[in-house]
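Participant: Read in full-length UniProt numbering, the sequence shown has 235 at position 235, and its numbers run on one by one without any break.
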Amino acid sequence: MKKYDVTGIGNALVDIEFKVKDQFFADNDVEKGLMTLVDEDRQNALMAVINTEEAKKQCGGSAGNTVIAISQFGGKSYYSCKVANDELGHFYMNDMKDAGVSHNLNESILAEGITGKCLVMVTEDAERTMNTFLGITETYSTADVDEAAIKDSQYLYIEGYLITSENGKQAMKHAKKVAEENGVKVAMTFSDPAMVKYFGEPMTEVIGASVDLLFANEEEAMIFTGKDNLLDAREELKKVAKHFVITQGKNGAMIFDGDTFIDIEPYATTAIDSNGAGDMFAGAFMYGVTNGHSYASSGKLASMASSKIVSQFGPRLQWHEAKDILAKLNP
1 MKKYDVTGIG NALVDIEFKV KDQFFADNDV EKGLMTLVDE DRQNALMAVI
51 NTEEAKKQCG GSAGNTVIAI SQFGGKSYYS CKVANDELGH FYMNDMKDAG
101 VSHNLNESIL AEGITGKCLV MVTEDAERTM NTFLGITETY STADVDEAAI
151 KDSQYLYIEG YLITSENGKQ AMKHAKKVAE ENGVKVAMTF SDPAMVKYFG
201 EPMTEVIGAS VDLLFANEEE AMIFTGKDNL LDAREELKKV AKHFVITQGK
251 NGAMIFDGDT FIDIEPYATT AIDSNGAGDM FAGAFMYGVT NGHSYASSGK
301 LASMASSKIV SQFGPRLQWH EAKDILAKLN P
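1) Classify residue 146 as helix, strand or coil using the three-state DSSP reduction.
2) Going by beta-carbon coordinates alone, are residue 241 and residue 207 separated by less than 9 Å?
3) Locate the alpha helix (DSSP H) running through residue 88, then write down its first and last residues.
4) For the segment 152-163 against the segment 191-203, are there 3 or more C-beta pairs whose distance is under 8 Å?
5) Using DSSP bridges, identify the partner residues of residue 211.
6) At 4 residues or longer, and completely inside the segment 2-52: list those alpha helix (DSSP H) runs for me, N to C.
7) Inspect the beta-carbon positions of residue 129 and residue 33 and report whether they are closer than 9 Å.
8) Classify residue 231 as buried or exposed, calling it buried when 16 or more other Cβ atoms lie within 10 Å of its own Cβ.
9) When DSSP labels each residue in this structure, what does residue 80 get in the three-state scheme?
10) So, helix, strand or coil for residue 248, using DSSP?
11) Quick one: residues in its chain with C-beta nearer than 6 Å to the C-beta of residue 178, no 5 flanking neighbours on either side, listed in chain order?
12) Any idea what DSSP makes of residue 227, helix, strand or coil?
13) To the nearest angstrom, report how far apart residue 8 and residue 50 are at their CA atoms.
14) Given that a residue counts as buried once 16 or more other Cβ atoms are within 10 Å of its Cβ, and exposed if not, what is residue 338?
15) Using CA atoms only, rank isn't needed, just tell me which of 153, 265, 15 is closest to residue 182.
16) Assign residue 66 to one of three DSSP states: helix, strand, or coil.
17) Specify the secondary structure class of residue 317 as computed by DSSP and reduced to three states.
18) Span of the beta strand (DSSP E) holding residue 309?
19) Quick check on residue 268: does DSSP put it in helix, strand or coil?
20) Can you tell which of 234, 269, 45, 268 has the C-alpha that lies nearest to the C-alpha of residue 254?
21) State the beta-bridge partners of residue 129 as determined by DSSP.
22) Thinking C-beta only, is residue 248 closer than 9 Å to residue 220?
23) Rounding to the nearest angstrom, what Cα-Cα distance links residue 301 and residue 62 in this structure?
24) On a CA-only basis, which of 275, 269, 211, 268 is nearest residue 245? Give me that one, please.
25) For the beta strand (DSSP E) that residue 155 lies in, which residues bound it at each end?
26) Consult DSSP for residue 256 and reduce its assignment to one of helix, strand or coil.
The structure is reproduced here in structure tokens:
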């Protein structure tokens, strides 16, 4: 029996989420709908023109949100990440603990520096736009990978955002190698269309021969495979992933279980904030497949959970909401 269902690696970021009008982007030269890496000065300039009192602050980052979701559904998750010895670093460590996620962070070994922050700007059409200052997580490397946790897990979950630095790419490759050498399955998410658009070659290098489970949305799947339609893209993905999930927003999702394709129906909802929807889908799905659920059942759980997330502000469920969703799945 493994100690953890899933060990995740990724960028540890404190998410600061707030609502804006479209005019905010024009006034502050922000490209809507994308994740953009910025330096600290640029991020501070943006923070100076927002109402931080109304902003919602939580520990996050893509893989961080996913391992928290696994924990909320009752799974056992671990997060290997990097924060600094500053106020937000301590906030991140404590918030992750409160979320029930084990981690490699320890007050006595936190390095000097600045903890990464992600400004999440949500517009009335529910679209999220992110400006991210990575801070110390930009130095995440093979030295920060917790090999013991990976070996004691059913799955390793790799966040695609790590691909933007050479040390991050090497950490991804090293963690994958540790997992494969110890019979641990490897799951990976592309994270964002920009990651496959601008880092397609190193992403392919990390994937190598294949991964056990891949998460992508429609746009990412088509960009990565170079195909202009989803049917061709999904056939290409079979070459690099034994199983995969393609999320389709309001149209649900498509799962390849290794033999056949399974269509996952969407759940009716009124979207007000898409931030964290993909992370939640991955977390709920991975909870399912590591806790006895079929791919179809895990997909249904993930669809229910992500539809709930987009109907509210913020990337995280309340604990009772996760329990309610599980109850609906298993009446």
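For every residue, glycine included, the Cβ atom is placed at its ideal position computed from N, Cα and C.
Facilitator: Taking the definition as stated:
1) The residue labelled residue 146 in the question sits at position 146 within the sequence shown. Residue 146 falls in the coil class under three-state DSSP.
2) As a working note, residue 241 is residue 241 in the sequence shown. As a working note, residue 207 is residue 207 in the sequence shown. Yes; because the gap between Cβ atoms is below 9 Å, this pair is in contact.
3) Counting from one through the sequence shown, the residue named residue 88 turns up at place 88. Taken as a continuous stretch (DSSP letters only), the alpha helix (DSSP H) holding residue 88 covers 87-98.
4) Enough Cβ pairs lie closer than 8 Å, so yes.
5) Mapped onto the sequence shown, residue 211 falls at position 211. Answer is 241, bridged to residue 211.
6) List check, alpha helix (DSSP H) in window: 22-28, 40-47.
7) On the sequence shown, residue 129 is found 129 positions in, with the first residue counted as 1. On the sequence shown, residue 33 is found 33 positions in, with the first residue counted as 1. Their beta carbons are under 9 Å apart, which means residue 129 touches residue 33 by this criterion.
8) Here residue 231 refers to the residue found at position 231 of the sequence shown. Residue 231 should be labelled exposed.
9) Within the sequence shown, numbered from 1, the residue matching residue 80 stands at position 80. In this structure, residue 80 counts as strand in the three-state DSSP scheme.
10) By 1-based counting over the sequence shown, the position of residue 248 is 248. Coil.
11) In the sequence shown, residue 178 corresponds to position 178, counting from 1. Once the five neighbours on either side are set aside, the close Cβ partners of residue 178 are 147, 150.
12) Taking the sequence shown and counting its residues from 1, the one referred to as residue 227 is at position 227. Of the three classes helix, strand and coil, the one that applies to residue 227 here is coil, per DSSP.
13) Locating residue 8 in the sequence shown gives position 8, where the first residue counts as 1. Locating residue 50 in the sequence shown gives position 50, where the first residue counts as 1. Spanning the two alpha carbons is a distance of roughly 32 Å.
14) Outside the modelled stretch of the chain, which goes from 1 to 331, sits residue 338, for which no answer is possible.
15) What you label residue 182 is simply residue 182 of the sequence shown in a count that begins at 1. Checking every option, the nearest Cα to that of residue 182 belongs to 153.
16) On the sequence shown, residue 66 is found 66 positions in, with the first residue counted as 1. Here residue 66 sits in helix by DSSP.
17) Within the sequence shown, residue 317 is the residue found at index 317, counting from 1. Coil at residue 317, not helix or strand.
18) Taking the sequence shown and counting its residues from 1, the one referred to as residue 309 is at position 309. Unbroken run through residue 309 is the alpha helix (DSSP H), 295-310; no beta strand (DSSP E).
19) One-based indexing of the sequence shown puts residue 268 at position 268. Correct three-state label for residue 268: coil.
20) If you number the sequence shown from 1, residue 254 lands on position 254. Ranking the options by Cα distance to residue 254, first place goes to 234.
21) To locate residue 129, count along the sequence shown from 1; it is residue 129. According to the DSSP secondary-structure assignment, residue 129 is paired through a beta bridge with 121.
22) Sequence index remark: in the sequence shown, residue 220 carries index 220 (1-based). Sequence index remark: in the sequence shown, residue 248 carries index 248 (1-based). Cβ distance not < 9 Å, so residue 220 and residue 248 don't count as in contact.
23) Within the sequence shown, the letter at position 301 stands for residue 301. Within the sequence shown, the letter at position 62 stands for residue 62. A direct Cα-to-Cα measurement between residue 301 and residue 62 gives close to 19 Å.
24) As a position in the sequence shown, residue 245 is number 245, starting the count at 1. From the listed residues 275, 269, 211, 268, the smallest Cα separation to residue 245 is found for 211.
25) By 1-based counting over the sequence shown, the position of residue 155 is 155. Residue 155 -> beta strand (DSSP E) spans 153-159.
26) For the purposes of this step, residue 256 is taken as the residue at position 256 of the sequence shown. Three-state DSSP puts residue 256 in a strand.
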